[in-house]
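J.: Before I ask anything, let me first share the structure, which is written out below as structure tokens.
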Amino acid sequence: MTRAAVLALEGALHPATAALALDGQVFEGPAPGDADGVRADLVRAARDLLARHGVAPAALTGLAVGIGPGSTTGLRVALGLAQGLADAGPPLPVAFSDSPRLLAAGAGLALPAWVAIPWGRWRVMLARAREEGVRPGEAELLPLEALPARGELAGHAVAVPRGAPPLPFAEGVRTVEATAPAAAVLAQLAAAGALPLADRVPGPGYLLPPDAVLPVGRPAAALAAAIVSLSPGDLDRLHAVERECFREPWSRGMLAEELRGGPGRVALGVAAGDGALDAVALAFLAAGTLEIRSVAVRPRARGRGLGRALVRDLLARARAAGAGRADLEVRAGNAAAIALYASEGFVPVGRRRRYYGDGEDALLMSLVLGRNAGAAG
Ligand SMILES: CC(C)(COP(=O)(O)OP(=O)(O)OC[C@H]1O[C@@H](n2cnc3c(N)ncnc32)[C@H](O)[C@@H]1OP(=O)(O)O)[C@@H](O)C(=O)NCCC(=O)NCCS
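Each residue of the sequence shown is one higher than the last, beginning at 66 in the numbering used here.
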């Protein structure tokens, strides 16, 4: 007798998850093995799940997919994997659900329900989950600062993903974390016949245009105005930032040299309200190349876009001077700085083994200027 075997793939909510409904009983896939939790992991989770229950991909009787909106990468991986499975054999029915509904069900909230899904570090998707799907205009992407003003949430329960960072709701809003992984909820609803069915894998639901201008990030334009050139009199303030930010800070003498001015030297800073500097950037711009020597933001001022604003200011100066490339080196384990540079278009071009005093490698990154001129936010 053929067993009813429906594989559920959900990539829009973080982390991406897989589950299997086998004759109505739902089995969760293994938890994703790394923080990324999306790419290879979803494929591996699905494969392990099928193998563990002795279901060959060709023996699946149906698929269930989450269609977002949510993580763009995760969504594409989940739908791509579903499409591959659907194309591999005879046509399969595909059940589907939007992510707000899965989150509300995972949190045990009756529909319609409010859901809030953190979106990057600055924004949140606020949506009304309904049985029939999200109505037009009922899913919005908001800056976090806008959340406290959403008075209509007062007195309501709002579903949030498990482990989500705290969101700045107004008083009187109760948050309920989802307890079940989204794919397990999806498999459950599909097995119960509660979801719409399609004869092919539906396209992803996006909340932003899929071709949104890259690199993404918080607009840095407002911060650009706060950037000033540093002069020799700023040595103490620069030294203080340097000592706070680096394991092997440059000496006062080296920093004094950077502040001396002269052809090609660029030293920028952002002043804090208390007269200290919150962020600095040092660079050398000559012979058609910008060399970024140091970007540092004091811990108290991180995560507000200052690092990106400084990098963009340097790149704008280099472009204005007609430079063709920008180079830098960064500790291979400095994930925050590497993410910042990569999101501005830098790519790794080499590695210096054991370059730093403590034995850590340096990663060399480079950016060809001119091609990415639309990057300013
Ligand atoms: C790296 C550094 C300069 C970033 O400064 P910042 O002002 O906090 O960064 P921003 O707020 O402008 O963030 C820009 C991007 O950096 C990355 N980033 C920043 N902090 C991050 C973190 N903790 N984890 C992962 N990525 C991070 C993200 O890609 C971020 O983009 P997003 O805001 O769209 O998510 C800062 O952490 C720092 O001074 N570190 C110590 C000194 C250093 O390592 N300098 C770089 C070597 S030259």
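Idealized CB from N, CA, C, for every residue including glycine. Keep in mind it's a predicted model, so treat the numbers as computed, not measured.
Could you spell out where the beta strand (DSSP E) holding Gly127 opens and where it closes?
T.: Counting from 1 along the sequence shown, the entry for residue 127 is found at position 62. Residues 127 to 131.
J.: Along the alpha helix (DSSP H) that carries Glu196, what are the first and last residues, could you check?
T.: What you label residue 196 is simply residue 131 of the sequence shown in a count that begins at 1. Run containing Glu196: none; DSSP gives neither H nor E here.
J.: Using DSSP with H/G/I as helix, E/B as strand and the rest coil, what is Asp339?
T.: Residue mapping note: residue 339 aligns to position 274 of the sequence shown, counting from 1. Correct three-state label for Asp339: coil.
J.: Can you confirm whether the stretch 164 to 180 touches the stretch 146 to 153 when touching is taken to mean that 3 or more C-beta pairs between the two stretches lie within less than 8 Å?
T.: With a cut-off of 8 Å, the stretch 164 to 180 and the stretch 146 to 153 do not count as touching, because too few Cβ pairs lie within range.
J.: Provide the residue span of the beta strand (DSSP E) that contains Pro413, from first to last.
T.: One-based indexing of the sequence shown puts residue 413 at position 348. Counting along the chain, the beta strand (DSSP E) containing Pro413 begins and ends at 412 to 417.
J.: Let me check one thing: in DSSP terms, what residues is Leu146 bridge-paired to?
T.: Taking the sequence shown and counting its residues from 1, one reaches residue 146 at position 81. Note: Leu146 sits in no beta bridge, so no partner.
J.: Which value, in whole angstroms, describes the spacing of the CA atoms of Gly282 and Pro183?
T.: In the sequence shown, residue 282 corresponds to position 217, counting from 1. In the sequence shown, residue 183 corresponds to position 118, counting from 1. Interpretation of Gly282 is limited by its pLDDT of 45, a score under 50 that renders its predicted location unreliable; the figure taken from the coordinates is listed afterwards. One C-alpha to the other measures close to 14 Å.
J.: Using the rule of at least 16 other Cβ atoms within 10 Å of the residue's Cβ for burial, across every protein chain shown, is Phe61 buried or exposed?
T.: The first residue shown for the chain is 66 and the last is 442, placing residue 61 beyond what the model contains.
J.: Going by the CB atoms, is the gap between Val360 and Ala344 shorter than 9 Å?
T.: Here the question's residue 344 lines up with position 279 in the sequence shown. Here the question's residue 360 lines up with position 295 in the sequence shown. In this structure, Val360 lies closer than 9 Å to Ala344 by Cβ.
J.: When every heavy atom of ligand 1 is checked, does at least one fall within less than 8 Å of the C-beta of Pro292?
T.: Locating residue 292 in the sequence shown gives position 227, counting from the first residue. Going by the sequence as given, residue 292 is Ile instead of Pro. No.
J.: To the nearest angstrom, how far is the alpha carbon of Thr244 from that of Val180?
T.: Here residue 244 corresponds to residue number 179 of the sequence shown, with the count starting at 1. Here residue 180 corresponds to residue number 115 of the sequence shown, with the count starting at 1. So the two alpha carbons sit approximately 14 Å from each other.
J.: Would the beta-carbon of Ala402 be found less than 8 Å away from any heavy atom of ligand 1?
T.: Against the sequence shown, residue 402 aligns to sequence position 337. Yes, Cβ of Ala402 sits closer than 8 Å to a heavy atom of ligand 1.
J.: Would you call Pro364 buried or exposed, if buried means 16 or more other Cβ atoms sit within 10 Å of its Cβ?
T.: The residue labelled residue 364 in the question sits at position 299 within the sequence shown. It counts as exposed.
J.: Which runs of the alpha helix (DSSP H), 4 residues or longer, sit entirely within the stretch 147 to 231?
T.: Here the runs fully enclosed are 164 to 171.
J.: Indicate, with yes or no, if ligand 1 has a heavy atom lying under 8 Å from the CB of Ala81.
T.: By 1-based counting over the sequence shown, the position of residue 81 is 16. No; taking the cut-off as 8 Å, the Cβ of Ala81 has no heavy atom of ligand 1 nearer than that.
J.: Would DSSP call Leu434 helix, strand or coil?
T.: Residue numbering aside, residue 434 sits at position 369 when the sequence shown is read from its first letter. Leu434 falls in the coil class under three-state DSSP.
J.: Which residue wins for smallest C-alpha separation from Ala427, given the options Leu168, Ala124, Leu167, Ala402?
T.: The count along the sequence shown starts at 1 and reaches residue 427 at position 362. Per the Cα distances, Ala402.
J.: Work out the CA separation of Leu371 and Gly340 for me, nearest whole Å.
T.: The residue labelled residue 340 in the question sits at position 275 within the sequence shown. The residue labelled residue 371 in the question sits at position 306 within the sequence shown. Computed Cα separation, rounded: 17 Å.
J.: Ala111 to Val241, Cα distance in whole Å?
T.: Locating residue 111 in the sequence shown gives position 46, where the first residue counts as 1. Locating residue 241 in the sequence shown gives position 176, where the first residue counts as 1. Approximately 28 Å between the Cα atoms of the pair.
J.: Return the residue from the list Pro80, Val362, Leu350 that minimises the CA-CA distance to Leu379.
T.: As a first step, residue 379 must be located in the sequence shown, where it is residue number 314. Taking only the C-alpha atoms, the option nearest Leu379 is Leu350.
J.: Could you please give me the residues that DSSP links to Asp392 through a beta bridge?
T.: Along the sequence shown, one-based indexing puts residue 392 at 327. Per DSSP, Glu356, Ser431.
J.: Counting only the same chain and skipping the five closest in sequence on each side, list residues whose C-beta sits under 8 Å from that of Ser136.
T.: Counting from one through the sequence shown, the residue named residue 136 turns up at place 71. Once the five neighbours on either side are set aside, the close Cβ partners of Ser136 are Gly76, Ala77, Leu78, His79, Ala81, Val103.
J.: So if DSSP puts Ile292 in a beta bridge, which residue, or which two residues, is it bridged to?
T.: Locating residue 292 in the sequence shown gives position 227, where the first residue counts as 1. For Ile292, which the question treats as bridged, DSSP gives the partners Val335.
J.: From the DSSP output, in three-state form, read off Ser425 for me.
T.: For this step, residue 425 is matched to residue 360 along the sequence shown. Checking the sequence, you will find Glu at residue 425 rather than Ser. Three-state DSSP puts Glu425 in coil, outside helix and strand.
J.: In angstroms, rounded to a whole number, what distance separates the CA positions of Arg396 and Pro261?
T.: Residue 396 sits at position 331 when you count from the first residue of the sequence shown. Residue 261 sits at position 196 when you count from the first residue of the sequence shown. Approximately 50 Å, taken between the alpha carbons.
J.: Counting beta carbon pairs with one atom in the stretch 136 to 145 and one in the stretch 254 to 271, are three or more of them shorter than 8 Å?
T.: With the cut-off at 8 Å, the stretch 254 to 271 and the stretch 136 to 145 touch.
J.: Count the other CB atoms within 10 Å of the CB of Gly298; is the residue buried (16 or more) or exposed (fewer)?
T.: The count along the sequence shown starts at 1 and reaches residue 298 at position 233. Label assigned to Gly298: exposed.
J.: If you count every other CB in all the chains shown that lies within 10 Å of the CB of Pro284, and 16 or more means buried, which is it?
T.: Here residue 284 refers to the residue found at position 219 of the sequence shown. Residue confidence is low: Pro284 scores 47 on pLDDT, short of 50, so the model does not pin down where it sits. Its coordinate-derived value is still stated next. Flag for Pro284 reads exposed.
J.: Going by the C-beta, is Arg302 closer than 8 Å to any heavy atom of ligand 1?
T.: The count along the sequence shown starts at 1 and reaches residue 302 at position 237. False, no ligand heavy atom lies under 8 Å from that Cβ.
J.: Between Arg390 and Leu434, how many whole angstroms is the CB-CB distance? I'm expecting something under 8 Å.
T.: Position 325 of the sequence shown, counted from the first residue, corresponds to residue 390. Position 369 of the sequence shown, counted from the first residue, corresponds to residue 434. Sure, about 6 Å apart at Cβ, within 8 Å.
J.: Is DSSP giving Ala348 helix, strand or coil here?
T.: As a first step, residue 348 must be located in the sequence shown, where it is residue number 283. If DSSP states are grouped into helix, strand and coil, Ala348 belongs with the strands.
J.: Do Ala114 and Leu125 have their C-beta atoms closer together than 9 Å?
T.: Against the sequence shown, residue 114 aligns to sequence position 49. Against the sequence shown, residue 125 aligns to sequence position 60. As written in the sequence, residue 114 is Leu, which differs from the Ala given in the question. Not closer than 9 Å, so no.
J.: Please report how far the alpha carbon of Arg193 lies from the alpha carbon of Val335, in whole angstroms.
T.: Here residue 193 is taken as the residue at index 128 of the sequence shown, counted from 1. Here residue 335 is taken as the residue at index 270 of the sequence shown, counted from 1. Those two C-alpha atoms are separated by around 41 Å.
J.: On the premise that Pro233 lies in contact with Leu212, defined as a C-beta separation below 8 Å, what is that separation, rounded to the nearest angstrom?
T.: The residue labelled residue 212 in the question sits at position 147 within the sequence shown. The residue labelled residue 233 in the question sits at position 168 within the sequence shown. Rounded, the Cβ-Cβ distance is 5 Å, consistent with contact.
J.: For His118, count neighbouring Cβ atoms within 10 angstroms of its own Cβ and tell me buried if that reaches 16, exposed if not.
T.: As a working note, residue 118 is residue 53 in the sequence shown. It counts as exposed.
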